[in-house]
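Just so you know, we're using this note's numbering here: the sequence shown kicks off at 1172 and counts up by one.
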Amino acid sequence: MEERKSKSASAVCSYAKKCGGCQYQGMEYAAQLKKKQKEMNKLLKDFGHTEPIIGMKDPLHYRNKVHAVFGRTRKGEIVSGTYEAGTHKIVNIDECIIEDQISQSIIHTIRGLLKSFKIKTYDEDTGYGLLRHVLVRRGFATGQVMVVLVLASPILPSKNNFVKALRKEHPEISTVVLNVNDKKTSMVLGERDIVLYGKGYIEDILCGCRFRISPQSFYQVNPVQTERLYQTAMDYSGLTGKERVIDAYCGIGTIGMVAAGRAKEVIGVELNRNAVRDARINAKLNQIKNIHFYEDDAGKFMVAMAEAGEKVDVVFMDPPRNGSDEAFLSSVVRLQPQRIVYVSCGPDTLARDLKYLTTHGYAVKKMQPVDMFGFTQHVETVVLLSQQKPDDTIEIDLDLDELDATSAELKATYQEIKDYVLKEFGLKVSSLYISQVKRKCGIEVGENYNLPKSENARVPQCPKEKEDAIKAALKYYAMI
């Protein structure tokens, strides 16, 4: 495993037992990597060999985004930090070993300013108070800092003086944004942003591209490892400059814009309006002209492309931790890209999604874990899948007499195959078509099954589109 030795091999956090954010506190970093590798090998063993995990040079203070929830103790003391594991009790944190130190210092300063400015913290139980959360994001490459004050009201008393006092202590702050969250919700950010100072966003540089980051934008929290993650994704994609590419769940366009320099055309699809806005701005900022962004559900977008007969060569997909749903995965299969590059932050859901893709015409070629989140149990993984072609099958001698009732022809009924094709491809197929395709695939069917009643009648042949759909169903039920 790469770079297991670290000067910060066994850091111990005094909040570990209460915070719950880091599951591997007190464990040597080399041991953390070994444990993660073992878990990934076990979880993904059905899909092939897992490459040695790529570790960090320094697993401390790697998070470029720091979030603190604010509140008070029963004695009225102001506290800020994170919720105790499994509760909404705030753990007052002064120093975190994985969060950016400058960002932490800014949060401590804000906590100290609240009393003199008579700003009350929000009480979840009563709904009274003003300050709910503080979010600090820092561009490690640019040094730019954004402070987001999440308030229960759009009105911050003495806002100009408050910002002035904060910037006096921290002149490195580039922008201050007031985010309004006036609902009883567990969500951190509300929908409305009010810029109090600066441009309302910061910029950072990743893989040679410059990215604009707004309060609502998704941006990887570990930029050093993100570059290694994306480099792996690019290597796996095999881009030569001739390909048409889709970046699904594209966010602010990070993966797509890195790929744009190696592809003919890139299409980014994202449902979040703010992210799409930033993505389009980022493309102009980097003078990238062969990428286009669409505000849409990626699955529906790809289904529409498939129905229009459009083709793509590579699909990058970087879903949230809960993975992709079956509707999205089926849309990828319908579009039939030559290669799928799956970037995952949830190993369990990755295994689930790979099971679907590998039973729908794709084969796993490579799997590379990357440690993005030291001292936690989380792992990012890049997986390359390629279309499974007929040439990829292996011929074996099989004695059919040795097959029992689990034979291929008994695994799914004709009705089950019809239902699957209708659900996944929107096509109605007859039993006659199914039997024709089964015969082509070497599956035994009844001698006179579904033949026309008239001896001289012309037997209709299964169209190519329906044949492909039926074959997909046979693969899904492991009949071929």
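Where is the CB? At the ideal position from N, CA and C, for every residue including glycine.
Can you give me the C-alpha to C-alpha distance between residue i and residue j, rounded to a whole angstrom?
i     : j     : result
R1234 : N1393 : 5 Å
D1217 : G1310 : 39 Å
K1319 : K1594 : Residue identity differs from the one stated: residue 1319 is Val in this sequence, not Lys. If I take the Cα positions, the gap works out to 45 Å.
K1560 : Y1647 : 15 Å
E1695 : Y1591 : Look at the range of the chain in this structure, 1172 to 1651, and you will see that residue 1695 is not part of it.
P1508 : Y1527 : 15 Å
Q1396 : F1389 : 16 Å
S1385 : I1281 : 21 Å
Y1200 : D1229 : 9 Å
Y1585 : V1608 : 12 Å
I1511 : V1237 : 32 Å
C1267 : V1503 : 40 Å
S1329 : G1361 : 22 Å
N1263 : L1456 : 40 Å
C1516 : E1615 : 43 Å
I1459 : N1493 : 31 Å
A1446 : K1289 : 35 Å
H1232 : R1444 : 31 Å
A1649 : K1589 : 16 Å
F1472 : E1466 : 10 Å
L1400 : V1541 : 6 Å
K1355 : I1426 : 35 Å
A1419 : A1469 : 6 Å
V1486 : S1501 : 13 Å
E1645 : E1478 : Before going on, a small fix: residue 1645 reads as Leu here, not Glu. Near 22 Å, if we compare the C-alpha coordinates of E1478 and L1645.
M1211 : P1518 : 7 Å
N1483 : I1278 : Going by the sequence as given, residue 1483 is Val instead of Asn. In a straight line, the C-alpha of V1483 is about 46 Å away from that of I1278.
Q1391 : Y1254 : 22 Å
First and last residue of the alpha helix (DSSP H) that includes residue i?
i     : result
G1427 : T1425 to A1431
N1212 : Y1200 to L1214
I1641 : K1635 to Y1647
L1262 : Here residue 1262 turns out to be Val, not Leu, going by the sequence shown. Where V1262 is concerned, there is no enclosing alpha helix (DSSP H), although the beta strand (DSSP E) it sits in stretches over I1261 to N1263.
M1738 : In the structure as shown, the chain begins at 1172 and stops at 1651. Residue 1738 is therefore absent and cannot be evaluated.
A1187 : A1187 to C1190
Which same chain residues, not among the five before or five after residue i, have their C-beta less than 7 Å away from its C-beta?
i     : result
L1215 : T1221, A1522 and M1538
K1370 : T1346
F1333 : L1284, F1288 and L1327
A1404 : I1426, F1487, V1512, V1514 and V1553
Q1275 : V1237, E1266 and C1267
M1428 : C1380, N1453, A1454, N1457, I1459 and I1462
Does residue i come out as helix, strand or coil in the three-state DSSP assignment?
i     : result
A1459 : The sequence shown places Ile at residue 1459, rather than the Ala named in the question. Here I1459 sits in coil by DSSP.
P1518 : helix
S1602 : helix
F1288 : coil
I1225 : strand
V1535 : strand
K1594 : helix
P1147 : Residue 1147 lies beyond the residue range present for the chain, which begins at 1172 and ends at 1651; the question has no answer from this structure.
N1235 : coil
G1252 : strand
N1331 : helix
C1380 : strand
Y1513 : strand
E1580 : Any answer about E1580 is weak, because its pLDDT of 40 lies below 50 and its placement is not dependable; what the coordinates show is given next. It is helical.
F1241 : strand
D1375 : strand
E1340 : helix
Give me, in chain order, the residues of the same chain whose beta-carbon lies closer than 6 Å to that of residue i; leave out the 5 immediate sequence neighbours on both sides.
i     : result
Y1195 : Q1203 and F1546
E1340 : T1280
M1317 : R1308, T1346 and I1373
A1454 : I1462
F1241 : S1251, T1292 and L1302
E1626 : Confidence at E1626 is low in this model, with a pLDDT of 37, below 50, so the placement of that residue should be treated as unreliable; the coordinate-derived value is given next. Contacts found: none.
F1596 : A1640
L1424 : Position check: residue 1424 holds Gly in this sequence, whereas Leu was assumed. For G1424, where only same-chain residues beyond five positions count, the Cβ hits under 6 Å are G1439, A1450 and N1453.
A1256 : G1191
G1197 : V1183
S1495 : D1524
Terminal residues of the continuous beta strand (DSSP E) containing residue i?
i     : result
N1350 : I1344 to V1351
T1552 : E1551 to Q1558
D1418 : R1415 to A1419
Y1368 : R1363 to Y1368
R1303 : L1302 to R1309
V1321 : V1316 to L1322
Kindly list the residues whose CB is nearer than 8 Å to the CB of residue i, restricted to its own chain and excluding five residues on each side of it in sequence; keep chain order.
i     : result
Y1533 : V1504, I1511, L1556, S1557, Q1558 and Q1559
T1530 : K1646, Y1647 and A1649
A1312 : D1375, I1376, L1377 and P1394
Handout entry: Segments of 4+ residues assigned as alpha helix (DSSP H) that fall wholly inside the region 1434-1507
Key = Segments of the alpha helix (DSSP H) lying fully in the region 1434-1507: 1444-1456, 1469-1478 and 1497-1506.
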